[in-house]
Structures are given as C-alpha cells and as structure tokens.
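*Asks:* In our numbering, the protein residues as written are 1 to 184. Beta carbons: idealized from backbone N, C-alpha and C, even for Gly. I have a structure I would like to understand better, so I am pasting it below and will then ask my questions one at a time.
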C-alpha cells in the first residue's frame, strides 16, 4: 500500500512537470514507450530494480538505452528516481502516470471481455453507451473469452459490470439451489 501511494505521488509530480512544460503528449508517449520496454525486457527491469547495482551504473544504463528514444525531461526524471532510490517503483509510477494523465484528460479506460469478435458497429455502440454512462471519453480494450458464453464483462478501474450469460447462469443456479431445487 505504501508503494502504491509513493508511486502515485511520483506520477503526480511527473504530470505536474508535463503540464508545466506543456509536454503532456511527449512525456505520455515516453511513458508508453517505457512501459512497453520494461514489459518486453525483464532483464532491464530487474537491473533497474536491483539494489546491488550502484546508482551511477543505473544512470549510465538509462543514458545508453533511452538517450535517443525519449525526451531529455523524461531522462532527467528517470535519473531523479534513481537518485531518490525509487527506480524499483518505475513500473508502478509509469502505470500510475498514464492513469492519472487519462483522468486529467477526461478519458476512461474500459476493459471489455466478450465471447466473440464484435463488429465495428457493436464496438462503437458500446463505446457510446459507456461514454454516456461515465460522462468521459472512453478507450476500449476488447478481450475475447469464450467462457463467458455471451454478453460482456466490463471493468472500469475497480468497478466491474458483469452482463455475461455465464454470470446470469451462475445467479440462476444459486437461486435454484437456495429455493430447494436440486441440480446435477
């Protein structure tokens, strides 16, 4: 829990910097690049998080890897995290930054699980319904999982909307069992 709070404080400070320098798009792109790089290169993530590796070596690593790939403000921020001993939270800070940035811009990320591929028309209809409900722009992440049988399960931050057939069947089964009916 403490790491969560610390990560959000650092992410907020980065958002403040991005807004102050009018670099929200550039720093956001850098954070997305960092997130992807850390995910694709677990050895880099381990090296940056390793307390045995000296700070000056981590700073040198940051310079060598990210020099021509991200903005100087981002490199400066990464070095700042190393100097403060918070590089082990980099993954969390990046995720928190992207979440806070989206909140600031009025964008909600909605993960939608469906049983089969949706048409463009269905996706747009779903997006419009969530935009109306959340009163925000919506970025949909569609995941296909045949186990839900039909309908959808949507997750927005910590809220889950379960409109799946699987969930409805589970509720029906529970009602039947509680009502004294026996199911095999």
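#1: Apart from the five residues just before and just after residue 47, which ones in its own chain have a Cβ nearer than 7 Å to its Cβ?
#2: In the DSSP assignment, find the beta strand (DSSP E) that holds residue 109 and state where it starts and stops.
#3: In this structure, how does DSSP classify residue 118 when only helix, strand and coil are distinguished?
#4: Starting from residue 72 and walking both ways along the alpha helix (DSSP H), at which residues does that stretch end?
#5: Please go through the same chain and pick out, in chain order, the residues whose beta-carbon is closer than 7 Å to the beta-carbon of residue 136, but skip the five residues on each side of it.
#6: For residue 64 and residue 139, I'd like the C-alpha separation in whole angstroms.
#7: Cα-Cα, which of 158, 162, 155 and 121 is closest to residue 149?
#8: Could you check what DSSP says for residue 155 in three-state terms: helix, strand or coil?
#9: Determine the contact status of residue 71 and residue 28, defining contact as a CB-CB distance below 8 Å.
#10: When you compare only the Cα positions, how much space is there between residue 115 and residue 156?
#11: Are three or more beta carbon pairs between the stretch 87-97 and the stretch 123-134 nearer than 8 Å?
#12: Check whether the Cβ atoms of residue 113 and residue 68 sit closer than 8 Å, and answer yes or no.
#13: Of the residues 56, 41 and 97, which one's Cα is nearest the Cα of residue 6?
#14: Rounded to whole angstroms, what is the Cα-Cα separation between residue 101 and residue 169?
#15: If we call anything under 8 Å between Cβ atoms a contact, is residue 8 one with residue 81?
*Replies:* According to the structure data:
#1: Numbered from 1 along the chain shown, position 47 holds the residue referred to as residue 47. Excluding positions up to five away in sequence, the list reads 53 and 61.
#2: In the chain shown, counting from the first residue as 1, residue 109 sits at position 109. DSSP places residue 109 in the uninterrupted beta strand (DSSP E) bounded by 107-114.
#3: Numbered from 1 along the chain shown, position 118 holds the residue referred to as residue 118. In this structure, residue 118 counts as coil in the three-state DSSP scheme.
#4: Reading the chain shown from its first residue, position 72 is the one you call residue 72. For residue 72, the enclosing alpha helix (DSSP H) begins and ends at 72-83.
#5: If you number the chain shown from 1, residue 136 lands on position 136. Correct list, in chain order: 106, 107 and 108.
#6: Against the chain shown, residue 64 aligns to sequence position 64. Against the chain shown, residue 139 aligns to sequence position 139. In a straight line, the C-alpha of residue 64 is about 34 Å away from that of residue 139.
#7: Locating residue 149 in the chain shown gives position 149, counting from the first residue. By alpha-carbon distance to residue 149, the top candidate from 158, 162, 155 and 121 is 162.
#8: Taking the chain shown and counting its residues from 1, the one referred to as residue 155 is at position 155. Note: residue 155 maps to strand in three-state DSSP.
#9: Numbered from 1 along the chain shown, position 71 holds the residue referred to as residue 71. Numbered from 1 along the chain shown, position 28 holds the residue referred to as residue 28. Contact: no.
#10: In the chain shown, counting from the first residue as 1, residue 115 sits at position 115. In the chain shown, counting from the first residue as 1, residue 156 sits at position 156. Residue 115 and residue 156: Cα-Cα distance of roughly 19 Å.
#11: no
#12: Taking the first residue of the chain shown as 1, we reach residue 113 at position 113. Taking the first residue of the chain shown as 1, we reach residue 68 at position 68. Contact flag unset, no.
#13: Translated into the one-based positions of the chain shown, residue 6 becomes position 6. Answer by Cα proximity: 97.
#14: Within the chain shown, the letter at position 101 stands for residue 101. Within the chain shown, the letter at position 169 stands for residue 169. Their Cα atoms are separated by approximately 38 Å.
#15: For the purposes of this step, residue 8 is taken as residue 8 along the chain shown, with counting starting at 1. For the purposes of this step, residue 81 is taken as residue 81 along the chain shown, with counting starting at 1. Going by C-beta atoms, residue 8 is not nearer than 8 Å to residue 81.
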